[in-house]
Structure formats: C-alpha cells, structure tokens
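Note that my numbering numbers the sequence shown so that position 11 is -6, with each residue one more than the last.
Reading through the structure tokens given below for one structure.
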Amino acid sequence: MTDDKPDSTLSLLEQEGEVAADYVEELLDVCDLDGDLVIDARNGRAYVTVTSNQAGDLSALSHPDVVAALQELTRIAVQNQTGEFSRLILDIGGSREERAKELAALVDAAIARLEGGATAAALPHMSSYERKLVHDLVAERGYASESQGEGRDRHTVITGRA
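Quick look at the structure:
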C-alpha cells in the first residue's frame, strides 16, 4: 500500500482495505467466482480492486450500478467491523476505468456545448467520487466547475474558462 498519510492514518486505511477485501472475497465465494484482490491506499481512501484472468468471470459484477451497490455494502461491512465511516473505493473488473472514460466523454460533450455558446452545462447526478473526477477533468481542460444540488441530486455544472 502507498499513501502520503501519517502512519496511523495509513494503518487505518490498511485495516479498512483488509476488512473490505475479506468481505468481497466471501461475496465472490458465494457467487462461485474467481478473482484476484489488490488492496491499496491513495488520496486518503482505501481501494480494493478485483480482477480475473478468466474472460467474463466478473462481467456480471462489473456493471457500474452493481459496483456502486457492492461498494456501499462493502462500506457498511467495514463500518460495522471497524466502527469508522468508510470512503472505500471498489473496482471490479476495470469498472472504474470504464466509468472514467464515460465521464471524460460527458465532460467533452459539455465543453462542446459551452464552445457552441451555452453559458453552463449541467451533468447528470453522480457520486462524490465521480464528481471529483469530473472536477479534475474540467480543470485539466481549462474550465471551471462546481457541484450543485443536494443528496442524490448533487451534480456538476461546468461553466466558462477558468
């Protein structure tokens, strides 16, 4: 595991990752699926990545909505065992990379609307993690963005050049 956090914080993230990995491993066993788990700590979060060498093994679990639901269940399992709120990120079968590509396409389309004369472009609601990725993509492209709305309706609005 790698992170720039103090040892105590890194230790907590490692514990969170271990608990999460145990939970996900049990889930894979119940589903009779094989998967290799990698635990990491980055940017103050524990990450658990599940991969498989067998084509299609994880396809049923790697759909973005399924990953989001499993991530929430895994976070609850971690919280129940550690007593601490979890911001764990779960990636199954490359789902995060695929979602990052989808978000980049959304940002590009929104910027095209701005370049076409729109004053702002709102994106669909998404998780805080996805909004963070969007804000980073928008900034890389030289535009400004902000999150608006509350709860499940929270979304990103992209405006003119930064």
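All C-beta atoms in this analysis are idealised placements derived from N, C-alpha and C, irrespective of residue type, glycine included.
Own chain partners of residue i with C-beta closer than 6 Å, once the 5 adjacent residues on each side are dropped
i    : result
D119 : none
S45  : I75, G76 and S78
R114 : S130 and T139
R96  : A104
DSSP beta-bridge partners of residue i
i    : result
E129 : V140
H108 : H138
Y30  : D23 and I72
Buried or exposed by the 16-neighbour rule on C-beta atoms within 10 Å, applied to residue i
i    : result
T131 : A small fix is needed here, since residue 131 is Gln in this sequence, not Thr. Label assigned to Q131: exposed.
Q54  : buried
R58  : buried
I141 : buried
D40  : buried
V7   : buried
A122 : exposed
Own chain residues within Cβ distance below 7 Å of residue i, not counting five before or after
i   : result
Q62 : F68 and S69
Q37 : D17
Span of the alpha helix (DSSP H) around residue i
i    : result
L73  : L73 -> not in any alpha helix (DSSP H); beta strand (DSSP E) instead, spanning I72 to I75.
I78  : Position check: residue 78 holds Ser in this sequence, whereas Ile was assumed. Per DSSP, S78 belongs to the alpha helix (DSSP H) from S78 to E98.
R124 : Note, R124: premise wrong, no alpha helix (DSSP H); not H, not E.
T65  : P47 to T65
Opening and closing residue of the beta strand (DSSP E) in which residue i lies
i    : result
A145 : Premise fails: A145 is in no beta strand (DSSP E) and is neither H nor E.
Cut-off 8 Å between Cβ atoms - residues of its own chain near residue i, not counting five sequence neighbours on either side
i    : result
H108 : G132, R135, D136, R137 and H138
R144 : G125, Y126 and A127
E148 : Residue 148 lies beyond the range of the chain shown here (-16 to 145); nothing can be said about it.
L11  : D17, G18 and V33
Count the C-beta pairs between the region 82 to 94 and the region 17 to 35 that are closer than 8 Å, then say yes if the count reaches three, no if not.
no
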